[in-house]
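Peer 1: Take a look at the following structure, please.
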């Protein structure tokens, strides 16, 4: 069975640009969460989607947005990139169970 | 306030020895879950072990065990018989109530020496 897949694995963007990151959850998982992990720190929660609806949002500016599609895949968009947005972006999927978060390998975003 | 505190930024352990990673948490919810993840240099977050707040027994998964002390709000991870492949960053995380969000600690780097 395929795990959580994220694309692209790496990308480099210039300040002010926009970026879209993609995530495909494990088959049967209806929930997708996004986390930002700055180098040397623990992941910080950005968004959680369940059945295409936003269920939670972390303390991130409106430049960050996300959506979930009917097939439960998800996109994270970041506008007007800043140097501080450079991080590993992790996607996690879960089923209706109260535990069982599976993470993808992440997308390493570098803003120059 | 920090929900998860990991006070050990880095630890060295000899191969085949056991190592304990500390984690304390802060929540007012009666229902919560505690997780430990391993993150190798490749970046992926690998689930190791889970402990629910109502679980009476300490969780164990192979060489991993969780020393859950509810009154002290601590959930320490014990890795027995360390292997070179255990060298990685380890994160403690908590989910509160019905919230799907995980709150992570700052992590502990473990280096296993041959």
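Residue numbers (our numbering), protein chains in the order written: chain A, 19 to 130; chain B, 11 to 124. Note that CB positions come from ideal geometry on N, CA and C, so glycine has one too.
Within 10 angstroms of the Cβ of residue 22(B), are there 16 or more other Cβ atoms? Answer buried if so, exposed if not.
Peer 2: Locating residue 22(B) in the second chain gives position 12, counting from the first residue. With fewer than 16 other Cβ atoms within 10 Å, it is exposed.
Peer 1: Residues in the stretch 64-97 of chain B with C-beta within 7 Å of chain A's C-beta atoms, listed in sequence order?
Peer 2: none
Peer 1: Using only the alpha-carbon positions, how far apart do residue 29(A) and residue 65(B) sit?
Peer 2: Mapped onto the first chain, residue 29(A) falls at position 11. Mapped onto the second chain, residue 65(B) falls at position 55. Whole-angstrom Cα-Cα distance: 42 Å.
Peer 1: Determine, using beta carbons only, whether residue 54(A) comes closer than 8 Å to chain B.
Peer 2: Locating residue 54(A) in the first chain gives position 36, where the first residue counts as 1. No, no contact with chain B.
Peer 1: What residues of chain B sit near residue 112(A), judged by a beta carbon separation below 9 Å?
Peer 2: Looking up residue 112(A) in the first chain gives position 94. By Cβ distance, chain B contributes 110.
Peer 1: Counting only beta-carbon atoms, is residue 36(A) nearer than 8 Å to chain B?
Peer 2: Working through the first chain from its first residue, we reach residue 36(A) at position 18. Judged by the 8 Å Cβ criterion, residue 36(A) is not in contact with chain B.
Peer 1: Considering only residues of the stretch 30-102 of chain B, which uninterrupted alpha helix (DSSP H) runs meet the minimum length of 4 residues and lie entirely inside it, listed in chain order?
Peer 2: none
Peer 1: Could you tell me which chain A residues have their CB closer than 7 Å to the CB of residue 55(B), listed as they occur along the chain?
Peer 2: Here residue 55(B) refers to the residue found at position 45 of the second chain. Per Cβ cutoff of 7 Å: 108 and 121.
Peer 1: Within the same chain, show all residues whose beta-carbon is closer than 7 Å to that of residue 34(B), passing over the 5 residues directly before and after it, in chain order.
Peer 2: Position 24 of the second chain, counting from 1, holds the residue named residue 34(B). Excluding positions up to five away in sequence, the list reads 15, 83 and 84.
Peer 1: DSSP on residue 102(A), reduced to helix/strand/coil?
Peer 2: As a working note, residue 102(A) is residue 84 in the first chain. Residue state, collapsed to three classes: helix.
Peer 1: Under 8 Å, do residue 97(B) and residue 70(B) count as touching if we go by C-beta distance?
Peer 2: By one-based count along the second chain, residue 97(B) stands at place 87. By one-based count along the second chain, residue 70(B) stands at place 60. For residue 97(B) and residue 70(B), no; Cβs fall outside 8 Å.
Peer 1: For residue 52(B), does the count of other Cβ atoms within 10 angstroms reach 16, so buried, or fall short, so exposed?
Peer 2: Position 42 of the second chain holds residue 52(B). Burial call: exposed.
Peer 1: By DSSP, does residue 29(A) sit in helix, in strand, or in coil?
Peer 2: If you number the first chain from 1, residue 29(A) lands on position 11. Correct three-state label for residue 29(A): strand.
Peer 1: Taking 8 Å as the threshold (C-beta atoms), are residue 22(A) and residue 121(A) in contact?
Peer 2: Stepping through the first chain from its first residue, residue 121(A) is reached at position 103. Stepping through the first chain from its first residue, residue 22(A) is reached at position 4. Yes, these two residues count as a Cβ contact at 8 Å.
Peer 1: So who's on the other strand from residue 138(A), going by DSSP bridges?
Peer 2: One cannot answer for residue 138(A) here, as it falls past the ends of chain A, which runs 19 to 130.
Peer 1: If we define contact as Cβ-Cβ less than 8 Å, is residue 85(A) a contact residue for chain B?
Peer 2: For the purposes of this step, residue 85(A) is identified with residue 67 of the first chain, where counting begins at 1. Taking Cβ atoms only, chain B never reaches closer than 8 Å to residue 85(A), which makes this a no.
Peer 1: Quick test of the definition: if touching needs 3 or more C-beta pairs under 8 Å, does the stretch 95-106 of chain A touch the stretch 41-57 of chain A?
Peer 2: yes
Peer 1: For residue 115(B), which residues in chain A fall below 7 Å Cβ to Cβ?
Peer 2: Position 105 of the second chain holds residue 115(B). One finds 60 in chain A with Cβ atoms closer than 7 Å to the Cβ of residue 115(B), taken in chain order.
Peer 1: To which residues of the same chain is residue 105(B) closer than 6 Å at the C-beta, ignoring the five residues directly before and after it?
Peer 2: Position 95 of the second chain, counted from the start, is the residue given in the question as residue 105(B). Residues of the same chain with a CB within less than 6 Å of the CB of residue 105(B), apart from the 5 flanking positions on each side, are 43 and 112 in chain order.
Peer 1: Please classify residue 67(B): is it buried, with 16 or more other beta-carbons within 10 angstroms of its beta-carbon, or exposed?
Peer 2: Indexing the second chain from 1 puts residue 67(B) at position 57. Classification of residue 67(B): exposed, given that the 10 Å Cβ count is below 16.
Peer 1: Looking at the structure shown, is residue 116(B) part of a helix, part of a strand, or coil, going by DSSP?
Peer 2: Taking the second chain and counting its residues from 1, the one referred to as residue 116(B) is at position 106. Coil at residue 116(B), not helix or strand.
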